[in-house]
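The following block contains the structure:
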């Protein structure tokens with residue numbers, strides 16, 4: 001019983017989003033739980049006239065570049081903080097932890113000015129650069145745990161076998177932290193895919209460069225049954241995130257479990 | 001996220017000189033520089049895109065920074081006048097702070113309570129139902145904040161939303177109600193949205209902790225006659241003290257700065273002044289009124305409040321773990 005109530009509460013928004021997306025009459029009044037008339041009309045509209053094909057491409061590009069760049073930078077940095085002792089190490093970890101907590105509302109004003117000065121306003125490149133910075137602290141902090149969990153003995157064995165540091169990194173460390181790298185990448189993908197405030201501020205003037213998160217606002221006040229379009233577009237945005245969660249669910253939770261249980 | 005909680009002690013630092021990327025006594029300059037070489041790219045990005053902007057927002061908050069200054073690039077220093085204006089604005093005391101604090105307190109309490117309840121429920125379920133519930137909460141978790149917010153707005157839509165429609169069908173109200181104009185119902189919807197999106201993280205994290213509590217301890221407590229509540233508060237809670245402090249502090253940080261969930265609701269982008277919180281107020285003053293200096297002062301205030309919470313967070317972590 002408790003489980004049923006919980007499932008209903010948990011799943012209703014997603015269910016209602018899908019139901020409205022497939023209902024050509026959504027928003028026309030007299031809603032029913034299931035579509036009165038099943039139709040792909042809403043999807044067809046948002047992907048053609050609605051411009052969502054372009055927004056999807058923009059988002060995919062921004063997210064992939066963000067994932068790749070922040071994974072490389074975060075991995076290198078996390079090896080440094082997890083494996084080496086050096087001056088200012090603790091101070092730096094604290095700094096990374098603290099900048100991670102800075103609210104985006106505080107950063108969006110100076111970064112808007114900065115991106116504007118670099119002539120990158122309304123470009124995808126400007127957004128990518130900002131997203132790499134935003135996902136980096138969390139990436140370093142998370143990967144640090146995974147790198148630290150790799151037994152040092154394995155690395156020592158590689159050295160004894162005559163491997164160089166670079167060789168050891170590629171053949172020993174990298175494969176072993178792969179699950180962590182996947183989990184971190186999923187997080188930064190989702191951050192870039194979902195991010196709203198910077199996309200709205202930095203791309204405001206260029207509809208053709210909109211990401212999916214801000215592309216939704218195109219459907220307000222256009223048409224009488226706009227809710228069908230908004231829910232269809234929302235479904236298109238949500239599906240890749242859901243697929244990602246499903247694929248990495250086990251890794252994601254084992255990553256979370258690995259961290260939490262040891263505490 | 002939770003990997004931040006604890007790293008295995010064995011790998012802390014460099015137990016052997018070889019693992020430290022060189023050899024103890026014969027440490028070459030390259031080996032000594034290696035951590036800094038590895039860190040340099042990340043540090044450069046963080047310095048230019050996070051630290052410098054953080055300094056800059058403080059500098060902006062001390063200027064009358066508007067459209068003219070943004071174009072000319074000439075600073076117009078006005079000292080603490082922006083802060084004086086923020087603190088004498090009745091909006092801060094009657095609307096913004098109550099909305100920010102009141103919401104954060106309620107949202108954190110509800111998120112942690114529901115998340116913990118679900119974790120305890122999941123721990124008691126068989127593998128099949130645990131997977132079903134686990135997948136369902138993943139759906140709620142994975143739903144992007146933007147689309148999730150639009151779905152809640154659609155559910156509570158004044159004219160055709162299913163909530164109003166259901167209330168009318170049940171005869172509980174005669175006319176559709178616009179739930180977004182009233183401050184209380186506005187934030188009730190935000191609360192529903194934020195708790196729905198936030199409890200899965202708590203549930204998954206606490207569940208992981210629960211499964212890590214040694215069965216023997218629980219059995220021993222049961223043999224000693226401890227009921228479920230007693231077992232929960234005397235065995236599970238002390239064991240998960242750190243898990244709880246992390247989820248509570250992280251939720252507090254997140255719920256203090258809800259933005260899209262407020263901004264995207266009808267009236268949330270500044271037209272309904274009753275709905276402003278610190279983050280939205282800062283944003284609409286900056287980008288709506290072109291008062292970047294005033295908006296920066298509000299942003300600095302928000303950052304300082306979060307900094308206090310962060311310091312608590314860092315201290316919690318430092319107590320348990322050597323960085």
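Residue numbers (the UniProt record's numbering), protein chains in the order written: chain A, 1 to 263; chain B, 1 to 323.
Don't be surprised by glycine CBs; every beta carbon is placed ideally from N, CA and C.
Just so we're clear, the structure is a prediction, and the values are computed from it rather than from any experiment.
Residue i: CB within 6 Å of a non-hydrogen atom of the ligand FAD
i	result
residue 141 of chain A	As for the ligand FAD, it is missing from this structure, which has no ligand bound.
Reference residue i, options the options, closest by Cα
i	options	result
residue 198 of chain B	B:215, B:297, B:253, B:61	B:253
residue 32 of chain A	A:21, A:237, A:41, A:137	A:21
residue 64 of chain A	A:125, A:112, A:91	A:125
residue 153 of chain A	A:189, A:78, A:173	A:173
residue 194 of chain A	A:24, A:219, A:237	A:237
residue 307 of chain B	A:165, A:159, A:96, A:207	A:96
residue 25 of chain A	A:40, A:61, A:13	A:40
residue 288 of chain B	A:191, A:109, A:29	A:109
residue 186 of chain A	A:138, A:167, A:76	A:138
residue 315 of chain B	A:182, A:146, A:144, A:94	A:94
residue 73 of chain B	A:232, A:113, A:221	A:113
residue 295 of chain B	A:77, A:105, A:6, A:246	A:105
residue 2 of chain A	B:122, B:50, B:281	B:122
residue 122 of chain A	A:73, A:204, A:103, A:130	A:204
residue 301 of chain B	B:290, B:181, B:87, B:186	B:87
residue 71 of chain A	A:48, A:132, A:89	A:132
residue 208 of chain A	A:226, A:51, A:37, A:42	A:51
residue 297 of chain B	B:35, B:80, B:39	B:80
residue 220 of chain A	B:76, B:150, B:30, B:125	B:150
residue 88 of chain A	B:54, B:223, B:39, B:127	B:39
Supposed close pair residue i, residue j - CB separation, criterion 8 Å
i	j	result
residue 292 of chain B	residue 105 of chain B	In fact, because the Cβ distance is near 30 Å, the residues do not count as touching under 8 Å.
residue 167 of chain B	residue 206 of chain B	Not really, about 34 Å apart at Cβ, beyond 8 Å.
residue 130 of chain A	residue 49 of chain B	6 Å
residue 74 of chain A	residue 42 of chain B	7 Å
residue 241 of chain A	residue 190 of chain A	6 Å
Listed by chain order, chain B residues near residue i by CB distance under 7 Å
i	result
residue 105 of chain A	257, 259, 279, 282, 283, 299, 302
residue 110 of chain A	53, 56, 57, 60
residue 101 of chain A	253, 306, 310
residue 25 of chain A	Per Cβ cutoff of 7 Å: no residues; residue 25 of chain A is ~10 Å from chain B at best.
residue 133 of chain A	45, 46, 49, 50
Residue i, DSSP secondary structure in three states
i	result
residue 224 of chain B	coil
residue 22 of chain B	Unreliable positioning characterises residue 22 of chain B in this predicted model, as indicated by a pLDDT of 43, which lies under 50. The coordinate reading is nonetheless provided below. Of the three classes helix, strand and coil, the one that applies to residue 22 of chain B here is coil, per DSSP.
residue 23 of chain A	strand
residue 100 of chain A	helix
residue 13 of chain A	helix
residue 243 of chain A	helix
Proximal residues of chain A, C-beta to C-beta of residue i below 7 Å
i	result
residue 72 of chain B	Near residue 72 of chain B there are no residues of chain A at all, since even the closest Cβ is about 13 Å away, more than 7 Å.
residue 287 of chain B	201
residue 77 of chain B	Simply none; closest approach about 16 Å.
residue 152 of chain B	13
residue 226 of chain B	In chain order: nothing, as chain A lies at least about 22 Å away.
residue 118 of chain B	6
residue 292 of chain B	109
residue 327 of chain B	Any answer about residue 327 of chain B is impossible in this case: the structure gives chain B only from 1 up to 323.
Partner residues on chain B for residue i, Cβ-Cβ distance less than 8 Å
i	result
residue 194 of chain A	144, 145, 146
residue 38 of chain A	In chain order: nothing, as chain B lies at least about 18 Å away.
residue 238 of chain A	142, 143, 144, 147
residue 64 of chain A	The contacting residues do not exist; residue 64 of chain A stays about 17 Å from chain B at best.
residue 129 of chain A	49
residue 137 of chain A	46, 50
Contacts that residue i makes with chain A (C-beta to C-beta distance below 9 Å)
i	result
residue 165 of chain B	29, 30, 31
residue 133 of chain B	3, 6, 7, 10
residue 296 of chain B	106, 109, 110
residue 121 of chain B	2, 3, 6
residue 112 of chain B	What residue 112 of chain B touches in chain A: nothing, since even the nearest Cβ is about 15 Å away.
residue 155 of chain B	12, 13, 16
Amino acids of chain A, ordered along the chain, whose beta-carbon sits closer than 8 Å to that of residue i
i	result
residue 140 of chain B	10, 11, 13, 14
residue 137 of chain B	10
residue 129 of chain B	3
residue 315 of chain B	None at all; the shortest Cβ gap to chain A is about 11 Å.
residue 39 of chain B	76, 77, 80, 81, 92
residue 34 of chain B	80, 84, 165
query = Along the chain, which unbroken stretches of the beta strand (DSSP E) at least 3 residues long are found entirely within the segment 105 to 172 of chain A?
reply = none
request  = Tell me the start and end of each unbroken alpha helix (DSSP H) in the segment 162 to 236 of chain B that is at least 4 residues and wholly inside, in chain order.
outcome  = 162 to 169, 183 to 212, 215 to 223, 228 to 231
task = Just list the alpha helix (DSSP H) runs in the segment 29 to 69 of chain B, keeping only unbroken ones of 4 residues or longer that don't cross its boundaries, in chain order.
result = 29 to 46, 52 to 61
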